[in-house]
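Order-wise, the sequence lines are chains F and S.
Position one of the first sequence corresponds to residue -14 (the numbering used here), numbered consecutively onward.
Position one of the second sequence corresponds to residue 9 (the numbering used here), numbered consecutively onward.
Where is the CB? At the ideal position from N, CA and C, for every residue including glycine.
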Amino acid sequence: MGRLEDEFRSKRAAGRKLLVPYITGGYPGWQPAIRAAAANGADAVEIGIPFSDPVMDGPVIQQASQFALEQGVTPAAILDEVTRLDVEIPLAVMTYYNLVHHPGPVRFAADLRRAGISAAILPDLPLEEAGPWCAAADAEGIETIMLAAPTAPDDRLPRVVDRAHGFVYSVGLLGVTGERESLAESATALAKRLKAITDKPVLVGVGVSNATQAYEVTRVADGVIQGASVVRRLMEDGPDAVGDYVAEVRSAIDAD
Amino acid sequence: MTEKSSSAAIADSTVNKEESLGSLLAPPDESGRFGEFGGRFVPETLVPACEELEAGFNEAWADQGFRYELRDRLNEYAGRPSILTECHNLGSQLGIRLILKREDLNHTGSHKINNVLGQALLAKRMGKTRLVAETGAGQHGVATATAAALLDMDCKVYMGEVDVDRQELNVFRMRLLGSEVEAVSSGSRTLKDAVNEAMRDWVATVGHTHYCLGSVMGPHPYPWMVRQFHRVIGDEAHAQCLELLGQAPEVVVACVGGGSNAIGIFSGFVDSDSRLVGVEPAGGAAVSRGAAGVVHGMRSYLMQDEVGQVEEAHSISAGLDYPGVGPEHSYLASLGRAEYPTVTDAEVVESFQLLSRSEGIIPALESAHALAWIVREAPQMQGQSVLMNLSGRGDKDVDQMMGILG
Ligand SMILES: Cc1ncc(COP(=O)(O)O)c(C=O)c1O
């Protein structure tokens, strides 16, 4: 078992709900934002490596990615910075498969390991296509976090869960990343289905938009991923606002 | 025999045509691959929808009732079969026999309607009530809006802002047909980004919505399904060429954006000796300038930078302004069965005018790419018969050309 899953399991055993903010790598202020998140109660951070065609992302994360790309950010530059972050919590990257396919899964997995990354999330790489990447990732000790979607029939979920390392990413709604007024019913429904079939940590992401919604999902799931609501704060008010927000979500999910 | 009954015979012979074993037209493997290309690289949310579509298409395609319903719509609504026109003026000028497959004469003005009628009937059969589509030149959007009107379905079309500007007429046509059109302002604001936005819509609406993809691209089963819907072009053309030439043409030429009109006409000749040529714009040359990559659900040749970011295509023609290409074309290219040269915008503008003046046929800017290659290569093809897919008519481009020609 890898470091991320190890830590998440023991924190869960100690009664802690898990909080994973998403931050767009290369967006101005992303490194201090990660440090602020770590200092304010994040259990891991998901670092987005911007891709030109992010089909799972809504307007906020698209904008942040596009801006970072316009500044000339590259995967190598982000991974290089990651080695200097000096935070205690495990780090995951989230990116799209072409950035893995281009250098090749073996080289990409090795690059992640060298940068000290624990895990990877590739939202356009479903189970059926994941073979070559998973083999390379396993060989380098990179944990591949698999996404489970509300549309998955019952016979599909166990196969997704089996292949997941680190945690299972329970997709909160039918749709792309972005903030929503209220939590979709599907968010807790899918988390329940997943909890019934696995003891791997289950975290809900996509469409969990504020502290109240984070509280709601963590009554069922082991934790929560916060994306657009974090990136919007980074874009509007900078890294300190990210720290404040993470603290706010932390205290909400810690309440009984 | 009257003309009518001969074309009816052609139409009939295309209904149940199946590839023989060992044909290059065999379906992709179970993972949706043509050789190393294709596959299904989509968000987990869409995997069940792609599986459902694959099963739905398989079931419909095996059903005579569906095949005849589609044929009747194609014949009685879209105006198939489309004719062949031999260009005697331009042909003798170039020293070749130049024959056009007249997809421009289909209802809505391009080949796109073949695929759209197929997908819309299938979507309806699968219980979907809404269609989403991407469009570049607007021809696929217009065809989708048309089918939605005909079959009483809701429809939303995504179109890059750049294309909304240069294809204003088609935007208005779609709205007239009762469709919603959304301008896409992300990325390069062209076809690639319209595909992204249509996929995002589909991720959120997959229960009642069918994504009516406009070319032989995207995740399995699209490249294969869309090819099957366009095979009618090649099957008809094959039979028509036997009548006209007594044999298959020596060269078959089509323009390539995603590659649907090209694969449609190629499919009639891929198992013959005809030379197959897919013409890409110099600024959107996925095969000659690209490397294998993964975007929009498929592994195929793709223009990308040194780290794998997808490059923006730049072409005078909105319908070919795409950095990728359908996976079956990548496969045919890798086998050496088809070739994929490029032409420049300037050559295209030239040939757009050339066909208009010499034959009285105004081609779509997309189709003018195929002609531009023929004109350039004619000295090397003296005396040969060259079949060109005239994928669409140029009315939509007249406004843009007024700006260019002054
Ligand atoms: C007339 C015409 N030809 C060709 C194309 C390119 O598409 P494909 O390569 O799928 O045939 C388009 C696309 O908009 C078109 O409108």
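Own chain partners of residue i with C-beta closer than 6 Å, once the 5 adjacent residues on each side are dropped
| i | result |
| --- | --- |
| residue 62 (chain S) | 229 |
| residue 102 (chain S) | 386 |
| residue -2 (chain F) | none |
| residue 230 (chain F) | 218 |
| residue 270 (chain S) | 262, 264 and 286 |
| residue 159 (chain S) | 128 and 132 |
| residue 233 (chain F) | 196 |
| residue 165 (chain F) | 192 and 194 |
Environment of residue i [buried if 16+ CB atoms lie within 10 Å]
| i | result |
| --- | --- |
| residue 3 (chain S) | Only positions 9 to 414 of chain S appear in this structure, which leaves residue 3 (chain S) out of reach. |
| residue 237 (chain S) | buried |
| residue 412 (chain S) | exposed |
| residue 177 (chain F) | exposed |
| residue 180 (chain S) | exposed |
| residue 391 (chain S) | exposed |
| residue 414 (chain S) | exposed |
| residue 71 (chain F) | exposed |
| residue 67 (chain F) | buried |
| residue 147 (chain F) | exposed |
| residue 97 (chain S) | exposed |
| residue 299 (chain S) | exposed |
7 Å Cβ cut-off: residues of chain S touching residue i
| i | result |
| --- | --- |
| residue 59 (chain F) | 315 |
| residue 242 (chain F) | With chain F covering only -14 through 241, there is no way to say anything about residue 242 (chain F). |
| residue 82 (chain F) | 49 and 302 |
| residue 108 (chain F) | 51 |
| residue 16 (chain F) | Simply none; closest approach about 20 Å. |
| residue 77 (chain F) | The contacting residues do not exist; residue 77 (chain F) stays about 17 Å from chain S at best. |
| residue 47 (chain F) | 194 |
Nonlocal neighbours in the same chain, by C-beta distance under 7 Å from residue i, ignoring five residues either side
| i | result |
| --- | --- |
| residue 169 (chain F) | 157, 158 and 192 |
| residue 29 (chain F) | -11, 5, 74, 75, 76 and 77 |
| residue 233 (chain S) | 65 |
| residue 130 (chain S) | 64, 65 and 68 |
| residue 155 (chain S) | 124, 125 and 128 |
| residue 231 (chain S) | 46, 224, 225, 306, 334, 335 and 336 |
| residue 313 (chain S) | 319 |
| residue 228 (chain F) | 21, 22, 24 and 25 |
Spatially closest choice to residue i from the options, by CA coordinates
| i | options | result |
| --- | --- | --- |
| residue 268 (chain S) | S:109, S:85 and S:336 | S:336 |
| residue 206 (chain F) | F:221, F:108, F:182 and F:110 | F:182 |
| residue 109 (chain F) | S:148, S:48 and S:96 | S:48 |
| residue 35 (chain F) | F:12, F:17, F:24 and F:26 | F:12 |
| residue 310 (chain S) | S:347, S:200 and S:280 | S:200 |
| residue 188 (chain F) | F:200, F:175 and F:209 | F:209 |
| residue -7 (chain F) | F:137, F:69 and F:130 | F:130 |
| residue 35 (chain S) | S:339, S:403, S:97 and S:371 | S:339 |
| residue 115 (chain S) | S:188, S:169, S:83 and S:137 | S:83 |
| residue 258 (chain S) | S:235, S:187 and S:284 | S:284 |
| residue 87 (chain F) | F:44, F:2 and F:118 | F:118 |
| residue 163 (chain S) | S:207, S:146, S:109 and S:220 | S:220 |
Amino acids of chain S, ordered along the chain, whose beta-carbon sits closer than 8 Å to that of residue i
| i | result |
| --- | --- |
| residue 137 (chain F) | 52, 55 and 56 |
| residue 54 (chain F) | 317 |
| residue 161 (chain F) | 208, 211 and 212 |
Residue i: contacting residues in chain F (beta-carbon distance under 9 Å)
| i | result |
| --- | --- |
| residue 200 (chain S) | 37 and 38 |
| residue 269 (chain S) | Correct list: empty, because the minimum Cβ distance to chain F is about 24 Å. |
| residue 248 (chain S) | None at all; the shortest Cβ gap to chain F is about 40 Å. |
| residue 39 (chain S) | 113 and 114 |
Beta-bridge partners of residue i, as assigned by DSSP
| i | result |
| --- | --- |
| residue 393 (chain S) | S:105 |
| residue 164 (chain S) | S:140 and S:188 |
| residue 9 (chain F) | F:33 |
| residue 346 (chain S) | S:284 |
| residue 219 (chain S) | S:140 |
| residue 332 (chain S) | S:310 |
| residue 3 (chain F) | F:208 |
| residue 118 (chain S) | S:400 |
| residue 263 (chain S) | S:287 |
| residue 305 (chain S) | S:49 |
| residue 422 (chain S) | Because residue 422 (chain S) is not part of the residues shown, which for chain S are 9 to 414, the question remains open. |
Contacts of residue i in chain F (Cβ-Cβ under 8 Å)
| i | result |
| --- | --- |
| residue 357 (chain S) | The contacting residues do not exist; residue 357 (chain S) stays about 29 Å from chain F at best. |
| residue 204 (chain S) | 38, 39 and 40 |
9 Å Cβ cut-off: residues of chain S touching residue i
| i | result |
| --- | --- |
| residue 156 (chain F) | 51, 52 and 53 |
| residue 51 (chain F) | 194 and 195 |
| residue 132 (chain F) | 51, 52 and 53 |
Sequence-distant residues of its chain with Cβ nearer than 8 Å to residue i (five each side left out)
| i | result |
| --- | --- |
| residue 342 (chain S) | 43, 44 and 45 |
| residue 205 (chain S) | 142, 166, 190, 192 and 194 |
| residue 356 (chain S) | 289, 324, 325, 373, 376, 377 and 380 |
beta-carbon residue i near ligand 3 non-hydrogen atom, thresh 7 Å
| i | result |
| --- | --- |
| residue 328 (chain S) | For ligand 3, the structure offers nothing, since it holds only ligand 1. |
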